[in-house]
Amino acid sequence: MPFKIYKGDQVVTEGESPLEITGLEPNTDVATGEYQAVRVEDGKESKRVDIPAFKTLPIEVTGVSLSPKTSSADSGVAGNRQLNANVSPNNATNKAVSYDISPDAEGLFVSGNGRISWTEDTPAGTYTTTVTTDDGEYTDTHVLTLTEPSEPEPEPDPEEGE
Numbered sequence: 002m003p004f005k006i007y008k009g010d011q012v013v014t015e016g017e018s019p020l021e022i023t024g025l026e027p028n029t030d031v032a033t034g035e036y037q038a039v040r041v042e043d044g045k046e047s048k049r050v051d052i053p054a055f056k057t058l059p060i061e062v063t064g065v066s067l068s069p070k071t072s073s074a075d076s077g078v079a080g081n082r083q084l085n086a087n088v089s090p091n092n093a094t095n096k097a098v099s100y101d102i103s104p105d106a107e108g109l110f111v112s113g114n115g116r117i118s119w120t121e122d123t124p125a126g127t128y129t130t131t132v133t134t135d136d137g138e139y140t141d142t143h144v145l146t147l148t149e150p151s152e153p154e155p156e157p158d159p160e161e162g163e
């Protein structure tokens with residue numbers, strides 16, 4: 002036995018049960034009665050019945066990638082790097098992410114928007130920043146390498162060559 006679903010005076014879908022209402026925005030609340038259903042028998046429609054309130058499904062995150070993947074700088078000099086997180090798919094409902102950097106080191110920080118900062122007191126070493134999605138907890142990493150600055154070549158002593 003076929004059915005029809007109305008929104009106002011417009012039929013949005015019809016056919017055998019179960020029916021699907023398409024074209025709705027993800028993660029959207031739909032109020033009771035915004036859509037109504039009727040049963041069709043011998044070409045006649047039953048009385049309209051309000052469809053109960055429902056919420057459309059969100060578009061789930063499927064991954065995240067960080068760019069750049071690596072960077073390097075001299076230790077002993079303050080600096081920063083901006084990381085960019087790309088959450089997939091582009092139309093995911095919840096694109097929120099958080100950042101963490103390890104190991105902990107003096108003067109080393111990562112902000113909520115992915116900016117790594119270090120001071121002249123941050124020791125040489127390898128530091129991994131991890132981005133994590135709030136939806137699905139997908140992760141990716143960036144590796145920052147702070148190296149000891151190379152010692153300048155000593156100037157030759159002019160008296161040694163004579």
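For the sequence shown, counting from 1, position 102 maps to 103 in our numbering; every step adds exactly one. Positions of the beta carbon are idealized from the N, C-alpha and C atoms, including for glycine. A quick note: this is a predicted structure, and the numbers were derived from the prediction, not measured.
- The beta carbon of residue 95 is closer than 6 Å to those of 135, 136 in its chain, skipping five residues each way along the sequence.
- When DSSP states are grouped into helix, strand and coil, residue 134 belongs to the strand group.
- The straight-line gap separating the alpha-carbon atoms of residue 51 and residue 93 is approximately 30 Å.
- Along the length of the segment 97–142, whole beta strand (DSSP E) runs at least 3 residues long occupy 98–103, 109–111, 116–119, 126–134, reported in chain order.
- In this structure the segment 116–125 lies against the segment 141–153, because at least three pairs of beta carbons, one per stretch, are closer than 8 Å.
- Around the beta carbon of residue 84, a 10 Å sphere encloses 16 or more other beta carbons of the protein chains shown; the residue is thus reported as buried.
- Residue 146 is bridged by DSSP to 73, 127.
- Considered as a whole, the segment 9–63 harbours 11–16, 37–42 as its complete beta strand (DSSP E) runs of no fewer than 3 residues, in chain order.
- Of the candidates 60, 139, 12, the residue whose Cα lies closest to the Cα of residue 46 is 12.
- Remark: C-beta atoms of residue 128 and residue 109 approach each other more closely than 9 Å.
- Counting the other Cβ atoms within 10 Å of the Cβ of residue 33 gives fewer than 16, which makes it exposed.
- At a Cβ-Cβ threshold of 9 Å, residue 69 and residue 49 do not count as neighbours.
- The alpha carbon of residue 104 has as its nearest neighbour, out of 124, 78, 53, 150, the alpha carbon of 124.
- The alpha-carbon separation between residue 157 and residue 73 amounts to approximately 31 Å.
- Residue 151: not part of any beta strand (DSSP E); DSSP gives it neither H nor E.
- In the structure shown, residue 86 adopts extended strand secondary structure according to DSSP, grouped into three states.
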